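2 protein chains.
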Amino acid sequence: MIKNYLMTPGPTPVPPEVLLSMAKPIIHHRTPQFQKILQEVEENLKYLFQTANNVLIFASSGTGAMEGAVCNLLSPGDKAITVQGGKFGERWTEICKAYGVEAIAIDVEWGKAVDPKVIEKKLSTGAIKAVFTTLCETSTGVATDIKAIAEVVKKTEAVLVVDAISALGAVECKTDEWGIDVVVSGSQKGLMIPPGLAFAAVSPKAWKVIEQNKSPKYYFDFKKSKKSIEKTDTPFTPAISLIIGLNAALKILRQEGLDSVVARHKQMAKAIREAAKALGLELLSPTAASDAVTAIKVAQGIDGGKLVKTMRDEYGVGIAGGQADFKGKIFRIASMGYMNQFDVIIAISCLEIVLSRMGYKFELGAGVKATQKVFLD
Amino acid sequence: MIKNYLMTPGPTPVPPEVLLSMAKPIIHHRTPQFQKILQEVEENLKYLFQTANNVLIFASSGTGAMEGAVCNLLSPGDKAITVQGGKFGERWTEICKAYGVEAIAIDVEWGKAVDPKVIEKKLSTGAIKAVFTTLCETSTGVATDIKAIAEVVKKTEAVLVVDAISALGAVECKTDEWGIDVVVSGSQKGLMIPPGLAFAAVSPKAWKVIEQNKSPKYYFDFKKSKKSIEKTDTPFTPAISLIIGLNAALKILRQEGLDSVVARHKQMAKAIREAAKALGLELLSPTAASDAVTAIKVAQGIDGGKLVKTMRDEYGVGIAGGQADFKGKIFRIASMGYMNQFDVIIAISCLEIVLSRMGYKFELGAGVKATQKVFLD
Chain A
0 MIKNYLMTPG PTPVPPEVLL SMAKPIIHHR TPQFQKILQE VEENLKYLFQ
50 TANNVLIFAS SGTGAMEGAV CNLLSPGDKA ITVQGGKFGE RWTEICKAYG
100 VEAIAIDVEW GKAVDPKVIE KKLSTGAIKA VFTTLCETST GVATDIKAIA
150 EVVKKTEAVL VVDAISALGA VECKTDEWGI DVVVSGSQKG LMIPPGLAFA
200 AVSPKAWKVI EQNKSPKYYF DFKKSKKSIE KTDTPFTPAI SLIIGLNAAL
250 KILRQEGLDS VVARHKQMAK AIREAAKALG LELLSPTAAS DAVTAIKVAQ
300 GIDGGKLVKT MRDEYGVGIA GGQADFKGKI FRIASMGYMN QFDVIIAISC
350 LEIVLSRMGY KFELGAGVKA TQKVFLD
Chain B
0 MIKNYLMTPG PTPVPPEVLL SMAKPIIHHR TPQFQKILQE VEENLKYLFQ
50 TANNVLIFAS SGTGAMEGAV CNLLSPGDKA ITVQGGKFGE RWTEICKAYG
100 VEAIAIDVEW GKAVDPKVIE KKLSTGAIKA VFTTLCETST GVATDIKAIA
150 EVVKKTEAVL VVDAISALGA VECKTDEWGI DVVVSGSQKG LMIPPGLAFA
200 AVSPKAWKVI EQNKSPKYYF DFKKSKKSIE KTDTPFTPAI SLIIGLNAAL
250 KILRQEGLDS VVARHKQMAK AIREAAKALG LELLSPTAAS DAVTAIKVAQ
300 GIDGGKLVKT MRDEYGVGIA GGQADFKGKI FRIASMGYMN QFDVIIAISC
350 LEIVLSRMGY KFELGAGVKA TQKVFLD
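In the order they appear, the protein sequences are chains A and B.
Every letter in the first sequence is one number past the one before it in numbering that gives the first Met the number 0, and letter 132, counting from 1, is 131.
Every letter in the second sequence is one number past the one before it in numbering that gives the first Met the number 0, and letter 270, counting from 1, is 269.
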């Protein structure tokens, strides 16, 4: 009997009560009934994003809100800094290029975090309209020091945009306190619901920039979206069932409390890192590891693709392989969303079983023991 | 005890087996398991769209795919004809304007259908790159004669784009046979699933135009989407649960068979029209009524807003009111998707009860009897 466990960095598991809330007969979106749900969602999104500003909601993948950030903030010919230390940082550059924005890319070695001083230096040349960063780079498991970057950017005219698709609701992201101008996120990671919703929290500084914007846009028009959400409405038919699921999921998060949520993720990620070390495996990013997903290097002589495939197909434990140049060279275990200590223990115990079968030499049980130690703390 | 019946033109009811398919634990999208589902979905979408070409799938409202059609086919400064005889026709004009496209709008009186000869005449001036139309204008319940328009457009260099968000899977739309270049649709109407997915079927003639396109785009980039779907993949995280629901819904549609589906909708819409007449009510569009949604004029002295509200809040029967200038002046009953004769009978019997309470004079039961006659045929 194979039971399925999802430890991938998006989609992440959806709580049964959330799944069931979405399985109820559909309701119309222009009703007091749905409006009440949307109001609760908006309030709890503000709590989660730690912002007093409106959180815009789009029916799309997270990338839709990323595109929205670019085409609402930047006009053709504008200059922007993009931090690319992985697949999702590169996406900022791609979107800027699609809109005729001059992307000044800061290339960061995969597995390393950007040095805020490098951003500061690039900003000092002037004329930079925006800085695009990533809270947690899913492809490498690297956490960016957004707080430090915000300190740098807030002194300038530029706006700071953070892709928090991966990790919002898992790690700390103090939108207003740190001074982030646009936080973009998605539904299928820390928010514990299926993919199909994207979000954008927008600061007053960013709204001023948006007012002057000249890029073409329609579906992802932030102004249109703001005008609607202020009336607890959406400009287009919303993804009703996903918003109903989101309402249920946000209530679970709020009941646990953001501090506890963040602490839980910290502990899970630490357990995964300690297990890796106990198994003699190397972390891709020992110094800047995110608490949302951990990238671990595949040991010499082990087939990384086969490792991931065996765990999934023979044991039902879904983890992720590497992307691009890291294909076959790393594997990634998420600690994000609806997961707790036993999910981590399952993932590590399965990893041990499969590594053992593949001939990797280590002390069986050492990884699980290391996680238990962390969870006992 | 109030039971809820949804007779609105989107969202429409979702079959319980579809709801339950979406309530299963979520799976990852980069797995053979999901790829099999996506392959089945793609095959059945081709059946439903009646096309041999790829059907692109987007995680968005239908409007997203409309924007995609504009920004993939037209470059700034291009000229396009938009047919606007309602709220959704007007949307084509709005999107064209957002992208710097010169929209030559054909204004059609709300409740009337466009005369294909008018399009022919506008096309003869040359330099028109695209014609944007609506299969069923949800705001008025008007059906457009797409087949006749396609005859006209196919003789020119222009491409024909049809917004079939409302009515695909309910009325005839022979994409390849009629020669439509782009058919855009959404998930929450004839396709019987919740909102959040959009589609675009694209002809070889349209792909040639897309190749030359210069408008900025990223998330709705048709070429990127095509490249992915050819490998049974998606460029961005798909709305996994909605695609799983779509797979279940398309199987239901395919089992019933498209001819039977169309015949069922024809009969339901006829029953609604006959009921309206039997109750002494006037159709907004006696000559060009769609089989997907019927707009009925509110009788003199009756408060249209109150009628719709009373049916919904006191009886659980959701129908739609009028939009824009028709607010309070019409009400709309859908016959679209997961509905049959008894849904129509419920809607009409409830309409009679509420009209009676509101003091409207008619023979109680006459509407229901008229529907029964149609269903007996």
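Note that beta-carbon positions come from the ideal geometry of N, C-alpha and C, so glycine has one too.
Model, not experiment: these values are computed from the prediction.
(1) What does the Cβ neighbour count give for A/Lys382, buried or exposed, with the cut at 16 atoms within 10 Å?
(2) For A/Met12, does the count of other Cβ atoms within 10 angstroms reach 16, so buried, or fall short, so exposed?
(3) To the nearest angstrom, report how far apart A/Ile105 and A/Gly321 are at their CA atoms.
(4) Have a look at A/Ile329, A/Arg331, A/Phe325, A/Met310 and flag the residue whose alpha-carbon is nearest the alpha-carbon of A/Ser355.
(5) The beta strand (DSSP E) spanning B/Lys305 covers which residue range?
(6) Can you give me the C-alpha to C-alpha distance between B/Pro237 and B/Ala298, rounded to a whole angstrom?
(7) So who's on the other strand from B/Gln83, going by DSSP bridges?
(8) Cα-Cα, which of B/Gln371, B/Lys146, B/Leu167 is closest to B/Cys135?
(9) For B/Ala365 and B/Lys188, what's the separation of their Cα atoms in angstroms?
(10) Considering only DSSP beta bridges, list what B/Cys135 is partnered with.
(11) In the structure shown, what three-state DSSP assignment does A/Ser184 receive?
(12) Can you say whether A/Pro24 is buried or exposed, counting buried as having 16 or more other CB atoms within 10 angstroms of its CB?
(13) Since A/Ala200 contacts A/Ser60 with CB under 8 Å, what's their CB separation in whole angstroms?
(14) Taking a contact to mean a Cβ-Cβ separation below 7 Å, would you say A/Ala79 touches A/Lys116 in this structure?
(15) Suppose contacts are defined by Cβ-Cβ distances below 7 Å. Is B/Met335 in contact with B/Ala291 by that definition?
(16) DSSP state of A/Gly178, grouped into three classes?
(17) Within its chain, find whatever has a CB closer than 6 Å to the CB of B/Ala142; leave out the 5 residues flanking it on each side and keep chain order.
(18) Just mark A/Pro234 as buried or exposed, buried being the case when its beta carbon has 16 or more other beta carbons within 10 Å.
(19) So what's A/Tyr46 in DSSP terms, helix, strand or just coil?
(20) Taking the straight line between their C-alpha atoms, what separation do you get for A/Ser214 and A/Phe341?
(21) Figure out for me which residue from B/Phe374, B/Lys222, B/Val183, B/Val307 has the closest Cα to the Cα of B/Thr133.
(22) Regarding A/Asp106 and the ligand HEM, is the C-beta to nearest heavy atom distance less than 6 Å?
(23) Would you check if the distance between the CB atom of B/Leu190 and the CB atom of B/Val40 is smaller than 7 Å?
(24) If we count Cβ pairs, one from each stretch, closer than 8 Å, do we get three or more for the stretch 90-107 of chain A versus the stretch 67-82 of chain A?
(25) If we cut at 7 Å on Cβ distances, does B/Thr7 have a partner in chain A?
(26) For a contact defined as C-beta to C-beta under 7 Å, what are the partners of B/Ile239 on chain A?
(27) Cβ of A/Gly178 within 7 Å of Cβ of A/Lys153?
(28) How would you write the range of the alpha helix (DSSP H) that A/Thr370 sits in, first residue to last?
(29) Please compile the residues from chain B whose C-beta is within a distance smaller than 7 Å of the C-beta of A/His27.
(30) Return helix, strand or coil for B/Arg29, following the three-state DSSP convention.
(31) Determine whether the Cβ of B/Leu167 lies closer than 7 Å to any Cβ atom of chain A.
(32) I'd like to know whether the C-beta atoms of A/Ile94 and A/Val130 end up nearer to each other than 7 Å.
(33) For A/Phe33, which option in A/Ile243, A/Pro203, A/Val316 has the closest C-alpha, if you only look at C-alpha atoms?
(34) To the nearest angstrom, how far is it from the Cα of B/Thr293 to the Cα of B/Pro8?
(35) Roughly how many whole angstroms lie between the Cα atoms of B/Ala205 and B/Ser123?
(36) When the distance is taken between beta carbons, is A/Val307 closer than 7 Å to A/Phe330?
So, to answer that:
(1) Nothing can be reported for residue 382 of chain A, as the shown portion of chain A is limited to 0 through 376.
(2) Residue 12 of chain A is actually Pro in this sequence, not Met. A/Pro12 comes out buried.
(3) For A/Ile105 and A/Gly321, the distance between alpha carbons rounds to 22 Å.
(4) Comparing Cα positions, the closest option is A/Met310.
(5) Taken as a continuous stretch (DSSP letters only), B/Lys305 belongs to no beta strand (DSSP E), being part of the alpha helix (DSSP H) at 303-314.
(6) Those two C-alpha atoms are separated by around 46 Å.
(7) Residue pairing by DSSP puts B/Gln83 in a beta bridge opposite B/Asp106.
(8) Cα-wise, what sits closest to B/Cys135 is B/Leu167.
(9) One Cα belongs to B/Ala365, the other to B/Lys188, and the distance between them is close to 29 Å.
(10) BP columns for B/Cys135 point to B/Ala142.
(11) Correct three-state label for A/Ser184: strand.
(12) Label assigned to A/Pro24: exposed.
(13) At roughly 18 Å, the Cβ-Cβ gap does not stay under 8 Å, so A/Ala200 and A/Ser60 are not in contact.
(14) Between A/Ala79 and A/Lys116, the gap from beta carbon to beta carbon reaches 7 Å or more.
(15) Closer than 7 Å, so yes.
(16) The answer is coil: DSSP assigns A/Gly178 none of H, G, I, E or B.
(17) Cys135, Ala287, Ser289, listed in sequence order.
(18) Buried is the label assigned to A/Pro234, since at least 16 other Cβ atoms lie within 10 Å of its Cβ.
(19) A/Tyr46 falls in the helix class under three-state DSSP.
(20) Approximately 48 Å between the Cα atoms of the pair.
(21) The shortest C-alpha separation from B/Thr133 is found at B/Val183.
(22) The ligand HEM is not part of the structure shown, which contains no ligands of any sort.
(23) Taking the C-beta atoms as reference points, B/Val40 is found no nearer than 7 Å to B/Leu190.
(24) Here the stretch 90-107 of chain A makes contact with the stretch 67-82 of chain A; the two share three or more CB pairs at distances below 8 Å.
(25) Closer than 7 Å: yes.
(26) Under the 7 Å cutoff, chain A gives Pro10, Pro193, Pro194.
(27) Yes. Within cutoff.
(28) From DSSP, the alpha helix (DSSP H) with A/Thr370 extends over 365-375.
(29) Using a Cβ-Cβ cut-off of 7 Å, A/His27 is close to Leu5, Thr7, Pro10, Gly317 of chain B, given in chain order.
(30) Here B/Arg29 sits in coil by DSSP.
(31) Chain A contact via Cβ: absent.
(32) No, Cβ-Cβ distance for A/Ile94 and A/Val130 is not below 7 Å.
(33) It is A/Ile243 whose Cα lies nearest to the Cα of A/Phe33.
(34) One C-alpha to the other measures close to 9 Å.
(35) Take the alpha-carbon of B/Ala205 and the one of B/Ser123: they are about 20 Å apart.
(36) A contact, by the Cβ cut-off of 7 Å.
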